[in-house]
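Okay, so here's the structure we're looking at.
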Amino acid sequence: MHFLGFLSILLLFNVVSYAAPAANTPIQVNLRIEGAQTTLFEGTVTTSGHDVTTPSGGTHECDGLNSGANSQPGATPFTALADGAQQNGFTFDGLWEDVFNDFIIGTIAGEFSGGSTIWTGAVDFLEQGIITGCHKEISGGDQVVFALTDDSTSPIFLKLQGPTTAKVNHPVTFSVIDGFFLTRIQGAQVNGHATDANGNVMITFAQPGQVSLKASKVGGFVRSNRLDIQVTN
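Mapped onto mature numbering (1 follows the signal peptide of the UniProt record, and there is no 0), the consecutive letters of the sequence shown carry residue numbers -19 to -1, 1 to 214.
Here's what the structure looks like:
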């Protein structure tokens, strides 16, 4: 996202108010950190609206009240990141930008932005850009993603769908879609198999046990959520 994209987001702040939760009570969300080559973290995080501190940016308000975006405080993507880091032992850092009244994330779990890459956020598979992390309020059960992406494109956040149980030697169909627009994605890779024109892929498991799958595709796509499948005889 380039500077013109920043200005577009700032203009949106003047006309859009985010829907605020009823009260700033702790909620649970699914937090996912997608690095350049692998998923750095994926799991449930408990969070609420509060100040956020980074080594480079200092301590600042990050409860959805930034720039008057909401009428009541609540959890935000950056509080989910901060609480996820504290609860699960990874680090993150970012600069505070007064003009945006928000942080710009520079590193998560040891992976740095720079050159042609930036850390981009999404809530429920919709890209939020890089300067809304303290403005956008989130709700319980939301999917919060931070992904190291190419600065020149607006990424598509993949979603992997399918059953969570399977039988040995019985083929199972999974599908890969654009998580927000729900369009089918052809050519995504799932466990070494490519999705067809309908976004579907058929996989047969040879051994019992739990198998974890993710979908990926090069060229402006962010890795999917993890899908855990229990395979039985």
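Even glycine gets a Cβ: it sits at the ideal position worked out from N, Cα and C.
Based on Cα-Cα distance, which residue from the options lies nearest to residue i?
i	options	result
Thr27	Asp123, Thr113 and Ile86	Asp123
Asn214	Lys148, Gln191 and Arg165	Lys148
Leu152	Gln188, Leu139 and Arg165	Contrary to the premise, residue 152 reads as Pro rather than Leu in this sequence. Minimum Cα distance to Pro152 is reached at Gln188.
Phe127	Ala63, Thr154, Gly70 and Gly180	Ala63
Gly190	Val157, Thr145, Ser156 and Thr164	Thr145
Pro136	Arg204, Asn11, Gly95 and Gly45	Arg204
Gly70	Val104, Gly24 and Leu208	Gly24
Gln142	Asn150, Asp44 and Ile158	Ile158
Ala196	His174, Gly102 and Asn179	His174
Pro36	Gly87, Lys117, Val212 and Ala103	Gly87
Ala90	Ala66, Pro7 and Leu139	Ala66
Asn150	Thr34, Gln68 and Val212	Val212
Thr101	Pro58, Ile166 and Ile111	Ile111
Since residue i is in the alpha helix (DSSP H), which residue starts that stretch and which ends it?
i	result
Leu62	Pro58 to Asn69
Quick one: give me the first and last residue of the beta strand (DSSP E) that residue i is part of.
i	result
Glu15	Ile8 to Glu15
Ile99	Thr98 to Val104
His151	Neither: His151 is in no beta strand (DSSP E) and is coded neither H nor E.
Ser193	Gly190 to Leu194
His41	Gly39 to His41
Asp177	Asp177 -> no beta strand (DSSP E), and no H or E assigned at all.
Gly24	Thr20 to Thr28
Thr130	Gln124 to Asp131
Leu138	Here the sequence assigns Phe to residue 138, which means Leu is not the residue at that position. Phe138 -> beta strand (DSSP E) spans Ile137 to Gln142.
Asn47	Where Asn47 is concerned, there is no enclosing beta strand (DSSP E), given that its DSSP letter is neither H nor E.
Gly110	Leu107 to Gly110
Asn181	Asn181 to Ile184
So, is the C-beta of residue i closer than 8 Å to a C-beta in chain D?
i	result
Leu194	In the structure shown, chain D cannot be found, because there is only a single protein chain.
How close, in whole Å, do the beta carbons of residue i and residue j come, if the pair is a contact with beta carbons under 8 Å?
i	j	result
Asn5	Gly55	5 Å
Phe106	Phe161	4 Å
Gly38	Leu12	20 Å between Cβ atoms; not a contact.
What are the partner residues of residue i, as DSSP defines its beta bridges?
i	result
Phe84	Trp77
Arg204	Bridge partners of Arg204: none, in fact.
Gly55	DSSP output for Gly55 lists no bridge partner at all.
Gly91	Bridge partners of Gly91: none, in fact.
Asp32	For Asp32, which the question treats as bridged, DSSP gives no partner whatsoever.
Thr213	Lys148
Ile166	For Ile166, which the question treats as bridged, DSSP gives no partner whatsoever.
Ile158	Lys140 and Arg165
Ser197	Gln170
Are the region 31 to 49 and the region 67 to 84 touching by the rule of at least three beta carbon pairs closer than 8 Å? Touching, yes, given that three or more Cβ pairs across the two stretches are closer than 8 Å.
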